[in-house]
Structures are given as C-alpha cells and as structure tokens.
Amino acid sequence: MASDIEASMAALRQLKEQSNAKLKEHQELQRRIQEIEQEKDRIDKAFEEELVCHAQADCRQFASMMYAKLPQEIRDMVYAYLYLEDAPIPIGSHHFTTYVEPADDDSQVHRAFNDANTPFIIPEGAVTHDHSIAPPSGVVLPTDRTLNPVYLGHQVAFEASKFYYSSNIFSICTLFNTLSTFLFTDPARGFARSPESKVQPLGLLPIDYVRSLQIRIKYEHFRTYAIKPEPSTGRRPEKTVYRGIFSNLGPLREWGERTASPDRRAEFIIMTAFRTRHDALNLRTRLNVLSLELQNRRFTNLLEAMRPSIYTLKHDAGANISVLHHDETWTPFPRNISAIFSLTKTQWEYEKSILRKEEVTYSPFHYWIAPRSDGTPEEGFACAAITAFLKGRWGLSSALDTQCTYPIEEGAYWPKGRVASPESKRRMTP
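The opening position of the sequence shown corresponds to residue 12 in the numbering used here, with each subsequent residue numbered one higher.
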C-alpha cells in the first residue's frame, strides 16, 4: 500500500513539474508574442508615417508642377472644382445645436425650461435650418487636407486658400470668439502637426479675403440667464448675453472698416426660441412662455447689440446686408427683418459724429431697456419708455416688427443714448 502511495506521489510530482514547465514555456511565448506585436506596431507606425510623408511629397510635387505648367485661369478652374461649395461652410462649435449654459442654483427653473423643448413638426415646403450636431458630409472645411501646405507646398496652399476664402460663404455662430478666431488666424495653424513639423504660416488672414458671411446670433439660450441680479455681485446675468454678442460681432466692424467693397455680403440669422401662447396651456411649458413685454424688451436689447456691426457693414463698407429672424417655436419660415435697419448713410454718419463730439464710445448699455422691476436705471432707459424708444430710435411699433412705421428723428433716444455719470459708473456693476 505504501509503495502505491509513493508511486502515485511521484507521478503527481512529475506531472506538476511538466505543468510548470509548460506554464513557463507558455509565459515565455506570451512575452515573445507581446514583443513581436509591439515591434509590429512600431513598424506599422513607421510605415504609416513614411507613407504619409511619401504621399505629402508626391502631392507637393504634383501641385508644384501644376503651378508651373498651368496658367492662372486654368488653376482657378482646378480650385473651383476642389473648393467651391454650394452651401455655407459651418465654422466653429455649437453651430448645429442649441447652446445651453450649465444650470445655476435655480436648477428647478432651468430644468423646467430645458425639459420643455418638445419636437416641432416642419410643414411641407418650409425652409428648414439643420440643427444636427454633426457638420454635413462632403464639405471642404478650412482644416481639409486639400488646403494643407504640407500637401500643397506653401505657394499653392497660399493661392488655393485665397480662392477658398474669397469664393465661399462661411457660417459662424456668436459663441466663444469663433468669429475672431476664424478671421484673424493664419489657416496653417489649423492643421495638426507633429512637434518636429517645419510648416510655416501661410502669411494670410481670412479677414482680408472673405467676401460672404452668414452670422448666426445664438439667442436660443437666453432663458438660462436669470432676470434677477446675482445676490453676491449684483450683476445681471442677462447682460452677459448682450455683452457677449456685441463683443463677438466686433470683428465684423473691422472686416467692414478694412476695405469698402460692394461684393461683400453678410447675412445675419437671429436664432431665438420664444414660445407661442398656445404653450401656456401646457403646464410643462408654462415657465417657457414669455410675455410680449419681455419678448419686446429683450429683442430690443439684442438689436442694439447688433446695431453698430450691421450699420458699419451696410454704410461704411457698402456691403450687402440681410437680417433674418428664425424661431422654430413661432414659425418654420424665417422672417426677413432687414428693413428695420432703416438709417440712411447720412443719418448713420450724423450719429457717429454726435458720439465723437460727445467723446462717447458706443455701448449697447447706453440704450439698455431695463426690466420693469428696476425702474429707471442709471444707464439706459426704463422699461416704461420702450414704446417711445422704439418709435424714436428705430421707427418701430414693436421690436418684433418687420417694417418701420415711423421716421427716425433726433430726440431723447437718437442719436445719443443715456450714459451714466462718472460717479454712477463707479457705483455700477455691469
């Protein structure tokens, strides 16, 4: 019996040793496989990099040959085939989605606002605006490799970029300095590059070549700004909206001032999300319904934030201007409100001369229509004055009109606004 047990134990030890040997062999094979896979990855990466470098060199050679062999007229035909787009080219983030700030402490109100966005059925034949999150496929964006100087060479990339920016319409939203970044950034900086890349700037800025812009005034998110001042600072978050829009439109004024050109075109699309009175019957959307007075006041303040940019382009630059108001909660059809910017060139020059004479720099808050609860502000005007303000400064009965009803005449609201005294400015919190 003892010998059988010893024989069994010996067999077990032998099997265990064999198992350990195979395990060690297996681990060694796994280590070797891992090394081989890592080596393969390094080789594949090197191959891809070499292939890209070869493709870039091949493209540069071809582009250089095209530049040397073809006259300008034929090269322009090539550029038109490669770069000319039928639709506006989207630029920047949040272009196709409604931008909403993070909710503040009043989270229940914000949640009610955000939950109330119910689907809207677009009637047949309506002109729709794509709000999908992804840009359309097949569009040549400024970061497309067909514009990259690494592929084209500096000379061809410079010429191609001039054609691209001067021949297309670019659609830009008033968020995060997108307009300024687009107009004042050398296109070569938009391409991804390795640290050792020697790509040089093209030496051009889009602002000098762009001829057509579509500017989307992103105002759908205005409800996320409370009407009441912040308890800690006394600031009105509502003003942040207009200050941001006024600031983000600033590059347009420089775009217009650089070179007066009748072939420059700018289409402004004011994007709001007012709700209809019918929605007031739905408890879910009750908080979303703005009174006509509130709509009128806020839209008036929005127009003032846009005003100098539009008139600078219209009269100083001689550009072709159109202004649309798009609100899917009202109607799927954009309203053309271009006619409400009715100042003549003579009136515009007079307005600027008065401000220069008074040594006043335009600010939309000199024409700010305050909430009714504020009474008469130290800068701007009381809500009770909005009817007279719209009539005297804009020639309108309502800020939501599409045509002017009255002539614009000099008075309490035009050409000057109501500027706070130096002492008041020191006390004011913007």
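Ideal placement from N, C-alpha and C gives every residue a C-beta, glycine not left out.
Note that the coordinates shown come from a computational prediction; the quantities given were computed from them, not determined experimentally.
Start and end of the alpha helix (DSSP H) containing Glu96?
That residue, Glu96, is in no alpha helix (DSSP H); it is neither H nor E in DSSP.
Buried or exposed by the 16-neighbour rule on C-beta atoms within 10 Å, applied to Ile47:
exposed
Taking the straight line between their C-alpha atoms, what separation do you get for Cys184 and Arg227?
5 Å
Measuring only the C-alpha atoms, how far is Lys35 from Val161?
50 Å
Can you find the residues in the same chain that come closer than 7 Å, C-beta to C-beta, to Ile397, ignoring five residues on each side of it along the sequence?
Asn307, Arg308, Thr311 and Ile380
Please report the straight-line C-alpha distance between Lys51 and Leu263, rounded to a whole angstrom.
52 Å
Anticipated Cβ contact below 8 Å, Tyr94 with Val151, distance rounded:
6 Å
Check the DSSP bridge columns for Asp338 and list the partner residues they point to.
Thr342
Can you say whether Leu163 is buried or exposed, counting buried as having 16 or more other CB atoms within 10 angstroms of its CB?
buried
Who are the near neighbours of Trp425 in its chain, counting only those whose CB is closer than 8 Å to its CB and skipping five residues on each side?
Glu362, Gly403, Arg404 and Ile419
Does Asp126 pass the burial test, meaning 16 or more other C-beta atoms within 10 Å, or should it be called exposed?
Unreliable positioning characterises Asp126 in this predicted model, as indicated by a pLDDT of 32, which lies under 50. The coordinate reading is nonetheless provided below. Result: exposed.
Determine the extent of the beta strand (DSSP E) in which Pro381 is found, giving its start and end residues.
In the sequence under discussion, the amino acid at residue 381 is Ala, which differs from the Pro named in the question. Taken as a continuous stretch (DSSP letters only), Ala381 belongs to no beta strand (DSSP E), as it is neither H nor E.
Taking 8 Å as the cut-off, decide whether the C-beta atoms of Tyr230 and Ile180 are in contact.
no
Assumed close pair Ala284, Thr340 - CB separation to whole angstroms, cut-off 8 Å:
6 Å
Would a C-beta distance cut-off of 8 Å place Thr323 and Gly406 closer than the cut-off?
no
Same chain, Cβ closer than 8 Å to Ile16, neighbours up to 5 away in sequence not counted
none
Helix or strand or just coil, what does DSSP make of Arg276?
strand
Among residues of its own chain, excluding the 5 on either side of Arg24, which ones have a beta-carbon nearer than 6 Å to its beta-carbon?
none
So Gln166 is in the beta strand (DSSP E); what residue range does that whole segment cover?
No beta strand (DSSP E) contains Gln166, which is instead part of the alpha helix (DSSP H) from His165 to Ser178.
In angstroms, rounded to a whole number, what distance separates the CA positions of Gln41 and Leu216?
55 Å
Since Ala431 and Glu390 should fall inside the 8 Å C-beta cutoff, what is the C-beta to C-beta distance between them, to a whole number of angstroms?
4 Å
What residues in its chain sit with their C-beta under 6 Å from that of Leu292, if we drop five residues either side in the sequence?
Its pLDDT being 43, under 50, Leu292 is placed unreliably by the model, and the measurement read from it follows with that caveat. Here the set comprises nothing.
Starting from Gln225, trace the alpha helix (DSSP H) in both directions and tell me its first and last residue.
Unbroken run through Gln225 is the beta strand (DSSP E), Ser223 to Lys229; no alpha helix (DSSP H).
Nearest-angstrom beta carbon gap, Gly103 and Leu186 [assumed within contact, 8 Å]:
7 Å
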